[in-house]
Amino acid sequence: MELNLKQIPKTPGIYKFFSNNKIIYIGKAKNLKTRVSSYFGQSIKDRKTQKIKLLTDKIETFSTQTEADALLLEQSLIKENLPRFNILLRDDKTYPYIHFSMDHQFPSISMKRSKHAVSKNHFGPFISAHAVKKTIKDLQKIYNIRNCSDSTFSNRSRPCIEYQMKRCSGPCVGLISETNYKDDISFAKHYVSSSGDKAKKSMLLQMKKYADQQNFEKANDIKKRLFTLDVLHQEQSFNSHLSSVDFFSCIIIHGRTGACILSVRDGKIRGTKTYYFKDDYSKEMDQILQSLIFSYYQNSFSLPDKILLTFKPNNLFLIKQAIEIKFNESIPISSRVPVAAKQLSKLSILNAKQIIENKTKASDRHLHAVLDLKNILGIKKQNLTIEGYDISHLSGTNAVASCIRFNEGGPDKKFYRTYNIPAELSGNDTGSLEYALNKRILKIKSNPLPDIILIDGGNLQLNTALNVFNSMKANLPIILSIVKGLKRVRATETILSQKGTIEMLKESGGFRLLQQVRDESHRFALKNSRKKKYKETKYSALNLIEGIGPVMKRRLIKKYKNIKNIKNASSKDLM
């Protein structure tokens, strides 16, 4: 080992375990020397810790002033490096936000997702896209804020349907002054950054101001909006005693872990987000909780009035300290749920339980399907792997081949691959398939072949695959193809192999598994073909200009949003 354990300081900080120059685990400690040394004691029984110890060939440490600082740094590094043995919240980086485009004379409202730090014109995070869209819809009903793109805004000559539906005040055609529109934006920001009550108070003050100025038309307009706000609040209110609270729950059933975030704003449930871990993390519940909290609030500029937990973690005081450091404000965090919040707390736990039950049922169904397929094909090997291939193109252009993999646990997305098909092969399905399979074979040393390869197509595609793999001297996988029925009706497909048609009951688990692999390979191919087309369209005009490379294209599109805005920019702006 490159670092002598005796050299590790007795300070707070973080430690990183490496295997072959790759970080496999990141942790934090109050005393680095004591914590790191504990991994290499004689009485380690935990399988995960034993494996970390076995694989580690290098250790790095970094000291911090306090343990709370270490916790914040640990969460940041885990998110950046995604170590193999850390508890990872795979989709925590894309929580949606409400965004106001304040750089425009008449700002618009939209939903944004951000992997990086967001500005003070972003409000959230929200738990789901549905919650964001619902809130935006409410804001448009109350404050008539535009949701169109800047390009659409600048090209309007008459009000659109949003104006007719009274969800926009028509700033594009001068039906509202900039001052009044900015007032509406200010009210809307109050609504999403705090609560409906604060927004209501601001509107009441503005209404009184207009009434004092004898501007009764404006005062009446605000009165109507206040009425809409009250109606929406009454329709959606779940518990008027709770204004702004987030619930975090974590539960373990039969060795599987489920977690849930339930968000309440202004007495309304804004949404729920669930997480599932197939392993037993009973000894790492504190780690799961802190990961949930810091991933959820990482880009937020505002916190709820209170955070309620369904169990008391050992590091509760440390989490409070870390939040205070990160946000420069203290917030009540408690596992003592008040009576008014009991029902919501139970709902949060119920959601965590349901994700475990649903995933367990899906896992059991998948395992049954795997066993059925093994029985049909006469496979006795453990840990069955299947790769599915499909070709997708758009009218003979933007051809992409997909390679997806399933194992006995389900889709294994770290092995998903796409192959961009050369233009001369676009529209040639067999040529494209041959190209993709030859590309796959080049990676056989780092990524061994699966037990089964499934091709979407008939005998022509099957023979193409057989010809490619027959040139290899290694043990060949079982190669199958799945052919759609005459009317392309589901469950009328035929499974083909080198020996002919394989008879399978259409309702059998094995048949459904092959359908699932085919559908997933098709979805992945189509998604990436569309993505390729979008990129081509986005940069099409710029591709005709000599001397502009990929980096400059991305910068121009990022700054000006579209080709039209680039054309309208002055030479000075483009320099």
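Once you know that position 1 of the sequence shown is 1 in the UniProt record's numbering, the rest is easy, because the numbers rise by one and skip nothing. Ideal Cβ positions, reconstructed from N, Cα and C, are used throughout, including at glycine.
Cβ neighbour criterion (16 or more within 10 Å) applied to Ser99: Ser is not the amino acid found at residue 99; the sequence shown has His there. Per the 10 Å Cβ criterion, buried.
Reduced DSSP secondary structure (H/G/I, E/B, other) of Thr257: strand
Residue ranges of each alpha helix (DSSP H) within the region 8-77, 4 or longer: 32-38 and 47-55
Cβ neighbour criterion (16 or more within 10 Å) applied to Val132: buried
Nearest-angstrom beta carbon gap, Ala525 and Leu318 [assumed within contact, 8 angstroms]: Contact doesn't hold; Cβ gap of about 47 angstroms is too wide.
Three-state secondary structure (DSSP) of Tyr275: strand
Pairwise C-alpha distance: Ala401 and Pro422: 11 angstroms
Test item: CB-CB of Lys58 and Leu32 under 9 angstroms: no
Where Ala525 sits in the DSSP three-state scheme: helix
Other residues of its chain near Ala322: CB distance less than 7 angstroms, five sequence neighbours each side excluded: Ala68, Leu71 and Leu72
Own chain partners of Asn407 with C-beta closer than 6 angstroms, once the 5 adjacent residues on each side are dropped: Thr385
For Arg336, the three-state DSSP class (helix, strand or coil): coil
Contact check, Tyr276 vs Gly255, beta carbons under 9 angstroms: no
Residues near Asp92 in its chain [Cβ-Cβ closer than 6 angstroms; skip 5 each side]: Any answer about Asp92 is weak, because its pLDDT of 49 lies below 50 and its placement is not dependable; what the coordinates show is given next. These residues qualify, in order along the chain: Ser295.
Limits of the unbroken beta strand (DSSP E) element including Asp456: Ile452 to Asp456
Segment limits, alpha helix (DSSP H) that includes Pro550: Pro550 to Tyr560
Presumed contact (8 angstroms Cβ cut-off) between Ser521 and Asp390, rounded CB distance: 4 angstroms
Tyr484 versus Lys273: straight-line alpha-carbon distance, rounded: In the sequence as displayed, the identity of residue 484 is Lys instead of Tyr. Each residue's alpha carbon lies about 37 angstroms from the other.
Coarse secondary structure for Glu235, derived from DSSP in three states: Low confidence applies here, because Glu235 scores a pLDDT of 45, under 50, leaving its location unreliable; read the following figure in that light. Reduced to three states, the DSSP call for Glu235 is helix.
Validate contact between the region 327-341 and the region 72-86 using beta carbons, cut 8 angstroms, 3 pairs: no
Other residues of its chain near Val517: CB distance less than 6 angstroms, five sequence neighbours each side excluded: Ile386, Gly388, Phe406 and Leu454
Buried or exposed by the 16-neighbour rule on C-beta atoms within 10 Å, applied to Ile253: exposed
C-alpha gap between Asp305 and Lys137, whole angstroms: 24 angstroms
Start and end residues, alpha helix (DSSP H) containing Phe100: Taken as a continuous stretch (DSSP letters only), Phe100 belongs to no alpha helix (DSSP H), being part of the beta strand (DSSP E) at Pro96 to Phe100.
C-beta atoms of Ile24 and Leu77 nearer than 9 angstroms: no
DSSP-derived helix/strand/coil call for Phe406: strand
Same chain, Cβ closer than 7 angstroms to Lys326, five either side skipped, listed in chain order: Leu72
Proximity below 9 angstroms, CB of residue 643 to CB of Ser108: Residue 643 is absent from the structure shown; the chain starts at 1 and stops at 575.
Backbone secondary structure at Asp184 - three-state DSSP: helix
Distance between Ile566 and Val551 (C-alpha atoms, nearest Å): 15 angstroms
CA-to-CA distance, Asn420 to Gly427, given in whole angstroms: 13 angstroms
Through-space distance from Lys535 to His554, alpha-carbon basis: Per the sequence shown, the amino acid found at residue 554 is Arg instead of His. When rounded, the distance between both Cα atoms is 10 angstroms.
Contact belief for Ile331 with Ile307 at Cβ below 8 angstroms, rounded distance in angstroms: 6 angstroms
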